[in-house]
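Worksheet: the structure to be examined is printed underneath.
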Amino acid sequence: MNTQEINSIFEAQKQNQYKVGASTVSERKTKLKMLKKAVEVTYRKAFQEAMWKDFHKSKEEVDLSEIFVVTNEINHTLHHLGQWMRDQKVPTPISFLGSSSKIKYEPKGVCLIISPWNFPINLCLGPLVSAIAAGNTAIIKPSEMTPHTSGVINEMISAIFDKNEIAVIEGAVEESTALLSLPFNHIFFTGSPAVGKIVMAAAAKNLSSVTLELGGKSPTIIDETADLKTSARRISWGKYFNSGQICIAPDYIFVHESVKDQFVEEAKKTIEMFFGSQPSQSEDYTHIVNKGHTARLKNMIADAVAKGATVTAGGTSDEAANYIAPTILENCSPDSLVMTEEIFGPIMPIVTYKNQSEVVKHINAGEKPLALYIFSKSSKNIAYFLDNTRAGGTCINNNALHFFNNDLPFGGSNNSGLGKSHGHFGFLEFSNARAIYKQHIPGALELLMPPYGNLKSKLIE
Ligand code: NAD
285 MNTQEINSIF
295 EAQKQNQYKV
305 GASTVSERKT
315 KLKMLKKAVE
325 VTYRKAFQEA
335 MWKDFHKSKE
345 EVDLSEIFVV
355 TNEINHTLHH
365 LGQWMRDQKV
375 PTPISFLGSS
385 SKIKYEPKGV
395 CLIISPWNFP
405 INLCLGPLVS
415 AIAAGNTAII
425 KPSEMTPHTS
435 GVINEMISAI
445 FDKNEIAVIE
455 GAVEESTALL
465 SLPFNHIFFT
475 GSPAVGKIVM
485 AAAAKNLSSV
495 TLELGGKSPT
505 IIDETADLKT
515 SARRISWGKY
525 FNSGQICIAP
535 DYIFVHESVK
545 DQFVEEAKKT
555 IEMFFGSQPS
565 QSEDYTHIVN
575 KGHTARLKNM
585 IADAVAKGAT
595 VTAGGTSDEA
605 ANYIAPTILE
615 NCSPDSLVMT
625 EEIFGPIMPI
635 VTYKNQSEVV
645 KHINAGEKPL
655 ALYIFSKSSK
665 NIAYFLDNTR
675 AGGTCINNNA
685 LHFFNNDLPF
695 GGSNNSGLGK
705 SHGHFGFLEF
715 SNARAIYKQH
725 IPGALELLMP
735 PYGNLKSKLI
745 E
């Protein structure tokens, strides 16, 4: 789509925003129900087929991690929207007698949603649910790396919404850059911290507000008291689901040295239980999104090995099939790529520790994680790690599941993100909390207006 077409869609939404913003609770619910039916019924099969073509993702995983996530967000919103949209009365100081105060949640206006490829459906439609709930118009720019899925999103949205309300603009950096030059009222971006900085700089030119859902390394700690079999199963699920292409996948594992061998054995057994002895043949194992990322991950393994790591499981790849085996690496050097860059793939580096303070020191030397996971049976140890680190979110004795609870805010902190999404937090992100102060009868404060002659004498007395 060329810049002129992009500008004209933006202008059309600008014109239409007040009509959309005036929609009632029941009108917004109708739109959400239409979206739900389209995702869950009409386009479900098309999405499953598109994602298989885009990166060998099984239809069960499409249901679990894409369709279900969107319908879950919609159900939660349908349940609470009336309450969220209601004006919120707040107290007024006694000295303002004769007046009342409330907060009105008004739509921000025309919003832009830019999404990544790793969960191409839920990461663009999830924020869209919040944008619609809050009464906005929106333009969605899905990732160019999952073109089949992005095509279905475009077809589906065009079938149920007018472009002057919700529009999809497919494309890559060129389209994204053209969109970012426009004065959107809000920009909701999900992607890498590097592109997040480009988005924020562009938003600053128009003082557009931003939500940035970014990434980075999400450390996982297993202490000496953890249930190792359960931890290995849950962590392997978080690491190898979607082939580790998850912003909140457990990135590297800090395990207490006394239980490392047992954890590694359990993790190896789990890989075989999940995907058989030849994961390359498994229909349940998602592949890497493209050749560039496959080569990047292959290089990460080679770099770790060259710097002294041992491959305990996997380590193999098939570049033609964009396949990287579920891999476990031990003895990784701190300066190897798997320990310094976000992995975003099915590689699990294991690092051992003796003292808790080593773990905290290492984590706090890096950027604030999007997620941090603690596996432990000791409430004292859990409290220590929670109190001495910072992160966007944490699961205790599990991973990634905080994303699925719409009553929890989802998002990072600084380098891993700004602002929160999901449920009420998403609604607030797409709303302006407008302060409304109403004067009912003349109040005492009118006595404070000029001329101040009387007032001065009163104050002095
Ligand atoms: P990305 O930042 O490369 O791309 C995201 C989007 O930005 C795409 O739509 C892309 O077209 C666009 N884009 C890319 N370069 C751009 C530029 N120079 N100017 C303007 N727009 C540009 O991210 P990705 O590779 O698609 O996704 C992986 C990253 O996203 C990882 O870092 C991951 O942790 C993060 N992520 C975060 C979350 C979250 O919820 N916090 C979820 C998924 C992924």
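Residue numbers (our numbering): 285 to 745.
Note that the Cβ used here is the ideal one computed from N, Cα and C, for glycine as well.
Return yes when at least one heavy atom of ligand 1 lies under 7 Å from the C-beta of residue i, else no.
i, result
"THR287", "no"
"CYS395", "no"
"THR474", "yes"
"ALA516", "no"
"ASN402", "yes"
"THR461", "yes"
"VAL479", "yes"
"MET429", "yes"
"VAL457", "yes"
"GLU626", "yes"
"ILE398", "yes"
"GLY696", "yes"
"GLU497", "yes"
"LEU685", "no"
"LYS425", "yes"
"CYS679", "no"
"GLY707", "no"
"ILE441", "no"
"CYS531", "yes"
"LEU712", "no"
"ILE482", "yes"
"GLY522", "no"
"LEU464", "yes"
"GLY701", "yes"
"ALA412", "The sequence given here places Leu at residue 412; Ala does not occur at that position. It does not: the Cβ of LEU412 is nowhere closer than 7 Å to a heavy atom of ligand 1."
"LEU621", "no"
"LEU654", "yes"
"LEU407", "yes"
Kindly give me the distance between the Cβ atoms of residue i and residue j, rounded to whole angstroms, as I take these residues to be in contact under 8 Å.
i, j, result
"ASN574", "ASN606", "6 Å"
"GLN301", "GLY393", "5 Å"
"ILE537", "VAL643", "About 11 Å separates the two Cβ atoms, so there is no contact after all."
"PRO400", "GLY475", "5 Å"
"GLY499", "LEU654", "6 Å"
"ILE398", "PHE473", "5 Å"
"THR376", "LEU316", "34 Å between Cβ atoms; not a contact."
"GLY799", "VAL304", "Residue 799 is absent from the model: the chain starts at 285 and stops at 745."
"LYS341", "THR570", "5 Å"
"ALA296", "ASN448", "4 Å"
"MET285", "THR433", "MET285 to THR433, Cβ: 18 Å. No contact."
"PRO735", "PHE709", "No, PRO735 and PHE709 are not in contact; Cβ-Cβ is about 49 Å, not under 8 Å."
"ILE778", "MET318", "Summary: the structure shown does not reach residue 778, with the chain confined to residues 285 through 745, and so no result is reported for it."
"HIS540", "TYR668", "Actually they are not in contact, since the Cβ atoms of HIS540 and TYR668 sit about 13 Å apart, beyond 8 Å."
"ALA753", "LEU464", "What the structure shows of the chain is the stretch from 285 to 745, and residue 753 is not part of that stretch, so it cannot be assessed."
"ILE658", "ILE666", "5 Å"
"LEU729", "PHE380", "6 Å"
"ALA451", "ILE471", "15 Å between Cβ atoms; not a contact."
Kindly list the residues whose CB is nearer than 7 Å to the CB of residue i, restricted to its own chain and excluding five residues on each side of it in sequence; keep chain order.
i, result
"GLY695", "GLU497, GLY676, GLY701, GLY703, LYS704, SER705"
"PRO467", "ASN490, SER492"
"PHE711", "TRP368, SER414, ALA417, ALA418"
"SER384", "THR376, LYS722, HIS724"
"ASN469", "LYS392, GLY393, VAL394, CYS395, SER492"
"LYS320", "THR355, ILE358"
Could you name the residues of the same chain whose beta carbon sits closer than 6 Å to that of residue i, not counting the 5 residues immediately before and after it, in chain order?
i, result
"PHE294", "LEU466"
"ALA684", "GLY522, ILE532"
"SER307", "GLY419"
"ASP371", "LYS386, LYS388"
"SER620", "ASP587, ALA588, LYS591"
"GLU713", "THR495, GLY703"
"GLU344", "none"
Whose C-beta lies closer than 8 Å to the C-beta of residue i among residues of the same chain, with five residues either side of it excluded?
i, result
"ILE627", "LYS501, GLY528, ALA533, ASP535, TYR536, LEU581, MET584, PRO633"
"ALA456", "GLU428"
"ALA322", "MET440, ALA443, ILE444"
Are the C-beta atoms of residue i and some chain C residue less than 8 Å apart?
i, result
"GLY366", "Here there is only one protein chain, and chain C is not present."
Report whether the distance from the Cβ of residue i to the nearest heavy atom of ligand 3 is below 7 Å.
i, result
"LEU348", "Absent from the structure shown: ligand 3. Ligands present: ligand 1."
Inset, instruction - For the region 518 to 530 and the region 615 to 632, state whether three or more C-beta atom pairs, one from each stretch, are separated by less than 8 Å. - result: yes
Inset, instruction - Would you check if the region 401 to 412 and the region 353 to 365 touch, i.e. whether three or more CB-CB distances between them fall below 8 Å? - result: yes
Legend entry - contact_flag[the region 594 to 611, the region 543 to 555] where n(CB pairs < 8 Å) is 3 or more: yes
Legend entry - Complete alpha helix (DSSP H) runs within the region 657 to 720 (minimum length 4 residues, chain order): 663 to 672, 707 to 713
Inset, instruction - Pick out the complete beta strand (DSSP E) segments inside the region 456 to 538, 3 residues or longer, and give them in chain order. - result: 470 to 474, 493 to 497, 504 to 506
Legend entry - beta strand (DSSP E) runs wholly inside the region 608 to 639, at least 3 long, in chain order: 611 to 614, 631 to 637
Legend entry - Segments of 3+ residues assigned as beta strand (DSSP E) that fall wholly inside the region 405 to 437: 421 to 425
Legend entry - Secondary structure, alpha helix (DSSP H): runs of 4+ residues fully inside the region 291 to 318: none
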